[in-house]
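For the record, the sequence lines run as chains A and B. By the count of the UniProt record's numbering, the first sequence reaches residue 354 at its end, each step adding exactly one. By the count of the UniProt record's numbering, the second sequence reaches residue 565 at its end, each step adding exactly one. For every residue, glycine included, the Cβ atom is placed at its ideal position computed from N, Cα and C. None of these values were measured; they are calculated from a predicted model.
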Amino acid sequence: MDMASKNSSKIKQIGVVGIGSFGATIANMLAEKNQVIVYARKSEVVDEINSQHQAQGRTLNPLIKATDDPEEICEACEVLFFMVPSSGFQEVARKFAPFLHPYHLIIHGTKGLCINLPFGQTLDTMKRLRRGQLLTMSEVIQQETVAVRVGCLAGPNLSLELSQGQPAATVIASKFNEVILEGQRLLRSDRFQVYGNSDIIGVELSGVLKNIIAIAAGALAGLGLGENAKGLLISRGMVEMVHLSNALGGSVKSVIGLAGIGDLVATCNSENSRNFTVGYRLAKGETLEQIQADMEEVAEGINTVKIIKAFLETADLRAPITENLYRVLFEDLEIEEALQFLMKYPFNVDVNFV
Amino acid sequence: MEEKYIKHRYEPILPSKNEWPVVKLARERKEFIKQVSDKSQDRILNLINSNPDLLKEELETTLYREKLRIKQNPWAVDPDDEQEFWGKVKSSLLHVNSDTKLNKSTRLKAYRDILEKITTRYSEEIASNFKHQHYKFTRSVVTFGFARLLNAARVKGFRSIFSNQFTLQDKIQITGETDQLRDLATKGTVVMVPTHFSNLDSILIGWIISVLGLPPFIYGAGLNLFNISIFAYFMNALGAYKVDRRKKNLMYLETLKTYSKEAIQFGCHSLFFPGGTRSRSGMIESKLKLGLLSTAIEAQRNNFQDEQNDISGKIFIVPVTINYHFVLEAPSLIRDHLSITGQERYYKENDEFSTSYKISKFLFKFFTKGSDISVSVGRAMDVLGNYVDQDGKSLDKHGRIIDTRDYFMSNGKITVDQQREEEYTHMLGRRIVEEFHKINRVFSSHLVAFTAFELIQAKNQKLDLFDLIRLPEEEIVIPYEEFKSACQQVYDRILELRADHQIKIAPHMKRGMEQIIAHGLDNVGMYHAKRPLLRNQSGDIVTEDISLLYFYHNRLHGYGLEKLF
Chain A
1 MDMASKNSSK IKQIGVVGIG SFGATIANML AEKNQVIVYA RKSEVVDEIN SQHQAQGRTL
61 NPLIKATDDP EEICEACEVL FFMVPSSGFQ EVARKFAPFL HPYHLIIHGT KGLCINLPFG
121 QTLDTMKRLR RGQLLTMSEV IQQETVAVRV GCLAGPNLSL ELSQGQPAAT VIASKFNEVI
181 LEGQRLLRSD RFQVYGNSDI IGVELSGVLK NIIAIAAGAL AGLGLGENAK GLLISRGMVE
241 MVHLSNALGG SVKSVIGLAG IGDLVATCNS ENSRNFTVGY RLAKGETLEQ IQADMEEVAE
301 GINTVKIIKA FLETADLRAP ITENLYRVLF EDLEIEEALQ FLMKYPFNVD VNFV
Chain B
1 MEEKYIKHRY EPILPSKNEW PVVKLARERK EFIKQVSDKS QDRILNLINS NPDLLKEELE
61 TTLYREKLRI KQNPWAVDPD DEQEFWGKVK SSLLHVNSDT KLNKSTRLKA YRDILEKITT
121 RYSEEIASNF KHQHYKFTRS VVTFGFARLL NAARVKGFRS IFSNQFTLQD KIQITGETDQ
181 LRDLATKGTV VMVPTHFSNL DSILIGWIIS VLGLPPFIYG AGLNLFNISI FAYFMNALGA
241 YKVDRRKKNL MYLETLKTYS KEAIQFGCHS LFFPGGTRSR SGMIESKLKL GLLSTAIEAQ
301 RNNFQDEQND ISGKIFIVPV TINYHFVLEA PSLIRDHLSI TGQERYYKEN DEFSTSYKIS
361 KFLFKFFTKG SDISVSVGRA MDVLGNYVDQ DGKSLDKHGR IIDTRDYFMS NGKITVDQQR
421 EEEYTHMLGR RIVEEFHKIN RVFSSHLVAF TAFELIQAKN QKLDLFDLIR LPEEEIVIPY
481 EEFKSACQQV YDRILELRAD HQIKIAPHMK RGMEQIIAHG LDNVGMYHAK RPLLRNQSGD
541 IVTEDISLLY FYHNRLHGYG LEKLF
């Protein structure tokens, strides 16, 4: 009751948590219309932003301020954009939890999954995951913090193109209309269209699952295969996404939308996509360790494949692309063999979900 | 650690009846009804955007449905002037419809006058008729009468009818967060949400509220119960308002919600059966009717809007589970459940608890033969499902104090957002279901019924539920040893869940498996003509009625115990 009313008189600021490539892009877009304050964990990054207006080489709007104090950003902002990779998401949520209140609106832009295991267990000791042990980012936020008005941002939003000001669109998904409306108000511009969707789980899953297919698309490109193969992959990939998303609680509709098929097509054609690059380099003969060693930011798809593979152990479902990609990534199956396997796989029905 | 049952009667928290919110409400009944009627009209007009054409449509729909109800499904409790009232509504409507001189605003006004008549009538109909004298009388009848019966039955001999050896509280065990409930009821407004298996629940809860020293709660009771005059008397005495499930028109539903919301804001402690109706399947309610629940959230937001930010304006949700070995209505409930699965909408409200004879017979059996009931009171929560501390302050999962007001804030002030509150209602519903499962107390009878049905199902994997319950009962035999080891398995898993605070068990479950099974078989659905479970002459487990077995089995649905089979 004390802290709630204090900041109403001040001009509202918008918070961005995490300042990787997508975080920086979104912060810049928000800064066109709003005062933006960003949170970075490392104090040298904070200093870099405040003094040189750039974060690890990416130019930021000079009006953007930075802090490494979660309390400060939570006090100053009612709306926060969480733009941190899934591997660090739970930790950040826990760090912010003591300072968040039920009035906060949180929109995240993370296309990955977290796991929720009994103390002392890891994915490598478990091998099998039930739905309840696997969390989308909105579920992480709701589990770790008191925030309930939560949304997600997903769609074909390659940071490089957005920062060049190319036209694009995104989806804001939330069970709360007010979150969608606020997201639209903050982000919409002549170059950026913002759609709303109430199926937040479906939209999150679309963004998550498409990364698996993106790695596979990169692999096909790396093998030097052409557009026919890509068309085949995208369409089979989408069917697989639909079934997986359904099994995890998302609706078919969202997969067919901008966050699903829209993002899938963009990522499967882009050398700017990290996930695509992983597949591409694998096909060129590098190992996963080599690839990960010199990637600046994580490719979410790798971890997603691992988690979905563990989920498939408990679900009554086959997902041939994911299963074979898992073997390529973690069990040294040759990509050519995986491709052979998929070509022989009896997908005899074209579309079986509508 | 043995849980302690509440054995003594508490001092009333508000000794003077004049302080009881429900008495105050009864004093101001007339003004209150007017207020409910006015606010309902506002809500309805708001819903239809004050559009005269839409209002006309709603009025006509309501009229049509009411006429149909009067014709097709009349009840004894219906007032005599129903035909006449709706006849008048019809002629007023025709009059306005044909009056060409009216412009948009005068037409709206004319329709609003009709609307007012309807909401006023509905408010009157719904409003409780609490009379303190009746309440006192009822309470003593229930306590005294039940206690006498009980003593007569348990202590042998004629004189025992005057014995005080056993009280009703030996029979009905109350456990859980009773002190917190008593405390919060003096400070804020309580909304109690119990599970609902039997029509007996209403009276039982009323009695428990009085044992705990709480002033009477108001609650919505199905109008069908008022068909029986003795029940009607009890219900009125206990502060019940009337919910007519035959009326599903917008105007009625909005008036009902307004009534509930206004009463909560008035400070009346309320009771909702959030399942809406008795659980027909015997499962703990997993989908709650959210209509009335939403009124608690709305009332809370209204209190905040009125700047009632301290505990006096706070609303506490208290889940309660009631456990029985035996549910009188089980045969008809499960029959309904099986026949209506999937098409509830076309299902006509019927009323099998209808004869006083059946009820007396049940009560007599209950008190003479003995069948324990346990009531467990859960931790109080705010309207978003956060636990509250001893001062009624909401706590987040990490125990930090948070302000419930913040859930309704945007841009630094309280805002009204229907869609948001709908979502909150869903969240609250899910939290209540979660709490139901946690405070649910497993009885021996639940364990044996669950295990037996799962074993039968496991042996007939190819059959779906409906084929399964059509199996000829005489062909079903479970060897005792097999049954015992399966019970042990389920029991062990229940203990694990209990260690994890996911469920509770009754004290009679803390014995050897042989004894638990014997106790369970003796008690499961003990007064049904056909017993759901018993041992045959060779000592094996058989059933006389597999649908009933299914009903009692369902009580342990929702814990993932099925996976053991």
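Measure the CB-CB distance between F316 (chain B) and V190 (chain B) and report whether it falls below 9 Å.
-> For the purposes of this step, residue 316 (chain B) is taken as residue 316 along the second sequence, with counting starting at 1. For the purposes of this step, residue 190 (chain B) is taken as residue 190 along the second sequence, with counting starting at 1. Contact: yes.
Practice prompt. Taking all protein chains shown into account, decide if M1 (chain B) is buried (16 or more other Cβ within 10 angstroms of its Cβ) or exposed.
Written response: Within the second sequence, numbered from 1, the residue matching residue 1 (chain B) stands at position 1. Since pLDDT at M1 (chain B) reaches only 35, below the 50 mark, its modelled position is unreliable, and no value is offered.
Worksheet entry | C-alpha distance - I401 (chain B) paired with N309 (chain B), whole-angstrom precision | As a first step, residue 401 (chain B) must be located in the second sequence, where it is residue number 401. As a first step, residue 309 (chain B) must be located in the second sequence, where it is residue number 309. Approximately 14 Å between the Cα atoms of the pair.
Fill in: Buried versus exposed call for Y122 (chain B) [16 or more other C-beta atoms within 10 Å across all chains shown]
Position 122 of the second sequence holds residue 122 (chain B). So Y122 (chain B) ends up on the buried side.
(Q) On the criterion of 16 or more Cβ atoms from any shown chain inside 10 Å, does S445 (chain B) qualify as buried, or is it exposed? (A) For the purposes of this step, residue 445 (chain B) is taken as residue 445 along the second sequence, with counting starting at 1. With 16 or more other Cβ atoms within 10 Å, it is buried.
_Cβ pair residue 579 (chain B), D545 (chain B) closer than 9 Å_ = Residue numbering for chain B in the displayed model covers 1 to 565; residue 579 (chain B) lies beyond these limits and cannot be assessed.
Spatial neighbours of F483 (chain B) within its chain, please: C-beta separation below 6 Å, excluding the five flanking residues on both sides. As a working mapping, residue 483 (chain B) is identified with position 483 in the second sequence. Its chain contains I541 as the residues whose beta carbon lies nearer than 6 Å to that of F483 (chain B), once the 5 sequence neighbours on both sides are disregarded; these appear in chain order.
Just confirm the distance between the C-beta atoms of T451 (chain B) and N249 (chain B), as a whole number of angstroms; I'd bet it's less than 8 Å.
-> Taking the first residue of the second sequence as 1, we reach residue 451 (chain B) at position 451. Taking the first residue of the second sequence as 1, we reach residue 249 (chain B) at position 249. Not really, about 46 Å apart at Cβ, beyond 8 Å.
- Between which two residues does the alpha helix (DSSP H) carrying Q83 (chain B) extend? Indexing the second sequence from 1 puts residue 83 (chain B) at position 83. In this chain, the alpha helix (DSSP H) harbouring Q83 (chain B) covers 82 to 98.
Starting from E298 (chain B), find everything on chain A with Cβ-Cβ shorter than 8 Å and list it in chain order. As a first step, residue 298 (chain B) must be located in the second sequence, where it is residue number 298. For E298 (chain B), there are no neighbours in chain A by C-beta distance under 8 Å, as the nearest C-beta there is about 17 Å away.
Return the bridge partner residues of I394 (chain B) from the DSSP annotation. By 1-based counting over the second sequence, the position of residue 394 (chain B) is 394. Note that residue 394 (chain B) is Ser in the sequence shown, not Ile. Beta-bridge pairing by DSSP links S394 (chain B) to B:V388, B:I402.
DSSP three-state label for R470 (chain B), please. Residue mapping note: residue 470 (chain B) aligns to position 470 of the second sequence, counting from 1. Looking at R470 (chain B) - three-state DSSP - the assignment turns out to be coil, as it is neither helix nor strand.
Q.
Residues in the same chain with beta-carbon distance under 7 Å from I439 (chain B), minus the five sequence neighbours each way, listed in chain order, please.
A. Against the second sequence, residue 439 (chain B) aligns to sequence position 439. Beyond the five residues adjoining it in sequence on each side, I439 (chain B) comes within less than 7 Å, by CB distance, of G176, P319, T321, S376, G378, K504 in the same chain, given in chain order.
message = Using the Cβ count rule (16 or more neighbours within 10 Å means buried), how would you classify H95 (chain B)?
response = Position 95 of the second sequence, counted from the start, is the residue given in the question as residue 95 (chain B). The residue is exposed, with fewer than 16 neighbouring Cβ atoms inside 10 Å.
With 9 Å set as the bound, which would you pick, yes or no: does the beta-carbon of Q13 (chain A) sit closer than that to a beta-carbon of chain B? Position 13 of the first sequence holds residue 13 (chain A). No Cβ of chain B is located within less than 9 Å of the beta carbon of Q13 (chain A).
**Study point:** Where F192 (chain A) sits in the DSSP three-state scheme
**Key:** Working through the first sequence from its first residue, we reach residue 192 (chain A) at position 192. Residue state for F192 (chain A) is assigned as strand, using DSSP reduced to three classes.
task: Establish whether the CB of Y559 (chain B) and some CB of chain A are separated by less than 9 Å.
output: Reading the second sequence from its first residue, position 559 is the one you call residue 559 (chain B). Not an interface residue.
key: Beta-carbon contacts of T138 (chain B) that lie in its chain and below 6 Å, excluding the five residues immediately before and after   = As a first step, residue 138 (chain B) is located in the second sequence; it is residue number 138 there, counting from the start. F234, A237.
*What three-state label does DSSP hand Y103 (chain A) in the structure shown?*
Your numbering for residue 103 (chain A) matches position 103 in the first sequence. Coil, per DSSP.
Fill in: Any chain A beta carbon closer than 9 Å to T425 (chain B)
Locating residue 425 (chain B) in the second sequence gives position 425, where the first residue counts as 1. Not an interface residue.
Say whether chain B places a C-beta atom closer than 9 Å to the C-beta of N116 (chain A).
Along the first sequence, read from residue 1 onward, the residue named residue 116 (chain A) stands at position 116. No, N116 (chain A) lies away from the interface with chain B (no Cβ there is under 9 Å from its Cβ).
Could you please give the first and the last residue of the uninterrupted beta strand (DSSP E) stretch that includes C152 (chain A)? Within the first sequence, the letter at position 152 stands for residue 152 (chain A). Here the beta strand (DSSP E) through C152 (chain A) covers 149 to 154.
ask   = Could one say the Cβ of M409 (chain B) lies closer than 9 Å to chain D's Cβ atoms, at least one of them?
value = Note that chain D does not occur in the displayed structure, where the protein chains are A and B.
**For M238 (chain A) and F353 (chain A), the rounded distance between their alpha carbons** = The residue given as residue 353 (chain A) occupies position 353 in the first sequence. The residue given as residue 238 (chain A) occupies position 238 in the first sequence. Taking the straight line joining both Cα atoms gives about 11 Å.
(Q) Please list, in chain order, the residues of the region 126 to 152 of chain A that have any C-beta partner in chain B closer than 9 Å. (A) Listed by position, the residues of the region 126 to 152 of chain A near chain B (Cβ gap below 9 Å) are Q143, E144, T145, V146, V148, R149.
ask   = Of all the CB atoms in chain A, is at least one closer than 9 Å to the CB of D391 (chain B)?
value = What you label residue 391 (chain B) is simply residue 391 of the second sequence in a count that begins at 1. Under the 9 Å criterion on CB atoms, D391 (chain B) is classed as non-interfacial with respect to chain A.
Exercise for review: Measuring only between beta-carbons, confirm whether G412 (chain B) sits less than 9 Å from chain A.
Suggested key: In the second sequence, the residue the question calls residue 412 (chain B) occupies position 412. G412 (chain B) counts as touching chain A.
*Residue nearest to N272 (chain A) in terms of C-alpha spacing, selected from A:F119, A:L158, A:N28*: For the purposes of this step, residue 272 (chain A) is identified with residue 272 of the first sequence, where counting begins at 1. Distance from the Cα of N272 (chain A) is smallest, within the candidate group A:F119, A:L158, A:N28, for A:L158.
When DSSP labels each residue in this structure, what does N323 (chain B) get in the three-state scheme?
Position 323 of the second sequence, counted from the first residue, corresponds to residue 323 (chain B). In the three-state reduction of the DSSP assignment, N323 (chain B) falls in the strand class, which pools E and B.
Leaving aside the five residues before and after D47 (chain A) along the sequence, list all residues of the same chain whose C-beta is less than 7 Å from its C-beta, in chain order. Here residue 47 (chain A) refers to the residue found at position 47 when the first sequence is read from its first residue. The beta carbon of D47 (chain A) is closer than 7 Å to none in its chain, skipping five residues each way along the sequence.
Query raised in the report: In the DSSP assignment, what are the bridge partners of P194 (chain B)?
Result: Position 194 of the second sequence holds residue 194 (chain B). Looking at the DSSP assignment, P194 (chain B) forms a beta bridge with B:V320.
Closer than 7 Å, Cβ to any Cβ of chain B: which residues of the region 94 to 108 of chain A, in chain order?
Against chain B - using a Cβ distance shorter than 7 Å - the residues of the region 94 to 108 of chain A are A97, P98, H101, P102, Y103.
State yes or no: is the beta carbon of K242 (chain B) nearer than 9 Å to at least one beta carbon in chain A? Along the second sequence, one-based indexing puts residue 242 (chain B) at 242. By this cut-off, K242 (chain B) is not an interface position.
Next item on the list: With G15 (chain A) as the anchor, note down where its beta strand (DSSP E) starts and where it stops.
Entry: For the purposes of this step, residue 15 (chain A) is taken as residue 15 along the first sequence, with counting starting at 1. First-last of the beta strand (DSSP E) with G15 (chain A): 13 to 17.
Check: Can a CB atom of chain B be found closer than 9 Å to the CB of F176 (chain A)?
Finding: By 1-based counting over the first sequence, the position of residue 176 (chain A) is 176. Yes - at least one Cβ of chain B is within 9 Å of the one on F176 (chain A).
Check your understanding: If you measure from the beta carbon of E91 (chain A) to each beta carbon in chain B, is any gap under 9 Å?
Key -> Mapped onto the first sequence, residue 91 (chain A) falls at position 91. Chain B, which has no Cβ nearer than 9 Å to the Cβ of E91 (chain A), makes this no.
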